[in-house]
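Heads up, the sequence shown is in our numbering, so the first residue is 174 and it goes up one at a time. Worksheet: one structure, shown below.
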Amino acid sequence: MKAFTLIEVLVVVAIIAILSVITLIFVGNYQDKADDVVIGVDLSQIRKIAAMLYIDEYSYESICDAGTIKNDLIEYPQLRLIEDKVEEIIGEYPVCFSEKREYCVQSELISGEYFCVDFTGFAGKIEGDYCENINGRRNCSSK
174 MKAFTLIEVL VVVAIIAILS VITLIFVGNY QDKADDVVIG VDLSQIRKIA AMLYIDEYSY
234 ESICDAGTIK NDLIEYPQLR LIEDKVEEII GEYPVCFSEK REYCVQSELI SGEYFCVDFT
294 GFAGKIEGDY CENINGRRNC SSK
């Protein structure tokens, strides 16, 4: 009966360990990318909620409260779910600004970029923190 030597077994174990480490590195990268996508999809839902809110109230003011998403709107409990999900992933709530005719909501992504949605219909990644009042407008593309 022929058996494997100790060296052969150790080489196989080392190869499996190296492949496992490589796999874990790639899976970790994909998890971060997936979390970024989840944040983007969740924030994109705010555009639909904002449109319904504007139809109901002729104003976007009810979306935000003290710089975060207003989560006490009984008619739109999705806002609280979105806010909580983003906080769970990134560790902080999305930044939110709203006035009668404009709103802007953004969150930092794990990749270091920002995802932003606003009243102009924009929803996408931006490189900087632009969801602020610049030149009297609150939107994602202000510079």
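Glycine residues also receive a C-beta, built at the ideal position from the N, C-alpha and C atoms. Model, not experiment: these values are computed from the prediction.
In this structure, DSSP gives Phe199 a helical state, which the three-state scheme calls helix.
DSSP places Ala187 in the helix class (H, G or I) of the three-state scheme. Out of Ile198, Cys237, Ser314, the CA that lies nearest to the CA of Ile222 is found in Cys237.
For Lys258, the enclosing alpha helix (DSSP H) begins and ends at 251-263. With a beta-carbon spacing of about 5 Å, Val268 and Gln279 fall inside the 8 Å limit used to define contacts. Contact between the segment 256-268 and the segment 180-189 is not established, with fewer than three Cβ pairs separated by less than 8 Å.
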